[in-house]
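The sequence shown runs -9 to 373 under our numbering. Remarks on the structure that follows.
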Amino acid sequence: MKNMTCIEDLRQAARRRVPKPFFDYVEAGAYSEQTLRANSADLERITFRQRVLVDVSQRDTATTILGEKASLPIALAPIGIGGMQWADGEILACRAAQAAGVPYTLGTMAICSIEDVAEAVEKPFWFQLYVMKDRGFVRSLVERAAAARCSALVLTVDLQVLGQRHADVKNGLSVPPSLNLRNLLALATKPAWARRMLTARRWTFGNLAGHVKGEQGVKELADWVSHQFDPTLNWNDVEWIRSIWPGKLIIKGILDVDDARIASKAGATAIVVSNHGGRQLDGAPSTISKLPEVVEAVGRETEVLFDGGVRSGQDVMRALALGARGCLVGRAYIYGLGAGGEAGVATAIEILRKELSVTMALTGTRSIDEIGVRVLNQPRPAG
């Protein structure tokens, strides 16, 4: 990992080491990937004001997120099937995050279960929840998260209907991967990955294991999941989740000011401005283009976190300058996981830290609290 100088280095290493179906799963956006590209491109268009002759010898990247101390204004976002990037990947990513002093979010569609991760790490983590048709199962997930002392529930609200990702369809992605000729060849070219996977605790969705009645194998489990996304999901469900979850509630998937206001009134501790990484509604605006108006609308009442397109410490600073309390990073750390397991995730976090610290110095900024629109040449992104 010592030669990895940026997130793109980790991405290229992950591409070499992870079988194509699982690397493509991380990479892919919905349909033509217009929104996926816009997330990064609109961030890159925002330029900084270079300031000189300011004493920046003492800089501090620490902050608080949801009232808890964090060494950086980031949290690791929920990523499905992270354990197929590297054996026991969710456990390793959580350990790296906790060692670095930033929050980690375990996804509903993780390979390692809530209990697997809780038993393997020392501190509480966040749990991301999908509201499925089977509300009894949803309640059990919330209860399991509470029993595992998860410190926040991240309710993802933009997946009522699954957006098509062409790469996943072409790859026939399943967990484990379907054994067609294309996937067999992809696995055969990654023998080190295959050897590691032989030692993994699980090879399928840990949080769902044992739940599906009459479950015979992975196919039945995958079929059950595919029918569980719920187009009836509405704000009454959010109220229900709020009533059964005793802790902090983060609502992820907000891209509209009106929705932000409703989420704030619904009792969200924080909201995440997110378009699901460009993996759902293709043609939706970039998240950075919507961030300022959401912050203006609800930022005084509810913490606003940012998600989408973050590939550098500069991107983190751009989002903070436009009002975000912190950033969820997904692909940036999952590339690290695929490239080098726990060490790779630690490297990704350290890259972001160094880039943020240097950018702070060159804009005459010494602490996270000092970051605001004053550090930008362009106060608001086009969009």
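Ideal placement from N, C-alpha and C gives every residue a C-beta, glycine not left out. Nothing here was measured: the structure is a model prediction, and the numbers come from that model.
Query	Result
Assumed close pair Ile241, Ile261 - CB separation to whole angstroms, cut-off 8 Å	5 Å
Segment contact, 8 Å Cβ cut-off, at least three pairs: the stretch 73 to 86 with the stretch 51 to 58	no
Chain B contact for Val288 (CB, 7 Å cutoff)	Protein chain content of the structure displayed is limited to a single chain, and chain B is not contained in it.
Where Leu239 sits in the DSSP three-state scheme	strand
Simplified DSSP state of Lys59, which is helix, strand or coil	strand
Residue environment, Arg308, which counts as buried when at least 16 other CB atoms sit within 10 Å	buried
Residue ranges of each alpha helix (DSSP H) within the stretch 229 to 300, 4 or longer	247 to 255, 277 to 288
Ala142 - partner residues in DSSP beta bridges	Trp116, Lys238
Span of the beta strand (DSSP E), counted from its first residue to its last, around Leu66	64 to 66
Euclidean distance between Cα positions of Ala135 and Asn367	43 Å
Touch test, the stretch 213 to 224 against the stretch 102 to 113, Cβ-Cβ under 8 Å, three pairs minimum	no
Extent of the continuous alpha helix (DSSP H) to which Leu346 belongs	321 to 352
Buried versus exposed, by CB contacts within 10 Å (16 or more), Val363	exposed
Beta-bridge pairing of Ser357 - partner residues as DSSP gives them	Asp50
Backbone CA spacing between Leu312 and Pro282 [nearest angstrom]	6 Å
Ala90 versus Lys180: straight-line alpha-carbon distance, rounded	29 Å
As assigned by DSSP and simplified to three states, the class of Tyr15	helix
When Ser347, Glu34, Gly330 are compared against Ala86, the one with the closest alpha-carbon	Gly330
Beta-carbon proximity list for Gly70, same chain, < 6 Å, skipping 5 on both sides	Gly97, Met99
Candidates Val228, Lys123, Arg186, Leu352, of which the one nearest Phe38 by Cα	Leu352
Alpha-carbon spacing of Gly273 relative to Val8, whole angstroms	29 Å
Closest residue to Gly73 among Pro93, Cys(-4), Glu58, Ile101 (Cα-Cα distance)	Ile101
Closest by C-alpha distance to Cys140, when choosing among Asn(-7), Leu149, Leu239, Arg125	Leu239
Nonlocal neighbours in the same chain, by C-beta distance under 8 Å from Ile358, ignoring five residues either side	Asp50, Thr51, Ala52, Thr53, Pro63, Leu310
DSSP state of Thr95 mapped onto helix, strand, coil	strand
Proximity below 7 Å, CB of Leu33 to CB of Asp297	no
Alpha-carbon to alpha-carbon, Leu26 and Asn173	25 Å
Three-state class that DSSP yields for Cys317 in the structure shown	strand
Whole-angstrom distance between Tyr120 and Ile244, CA atom to CA atom	15 Å
heavy atom of the ligand FAD below 6 Å from Val121 C-beta	The ligand FAD is not part of the structure shown, which contains no ligands of any sort.
Nearest-angstrom Cβ-Cβ length linking Phe219 and Leu152, presumed shorter than 8 Å	5 Å
Asn161 beta carbon less than 7 Å from that of Leu11	Reading off the sequence shown, one finds Pro at residue 11, where the question assumed Leu. Against a cut-off of 7 Å, the Cβ pair of Asn161 and Pro11 comes out as a contact.
Beta-carbon gap between Gly303 and Glu345 smaller than 7 Å	yes
Neighbourhood of Leu327 by C-beta distance below 6 Å, restricted to the same chain and skipping five residues each side	Gln75, Trp76, Gly79, Ala83, Gly334, Val335
DSSP three-state assignment for Met74, whether helix, strand or coil	helix
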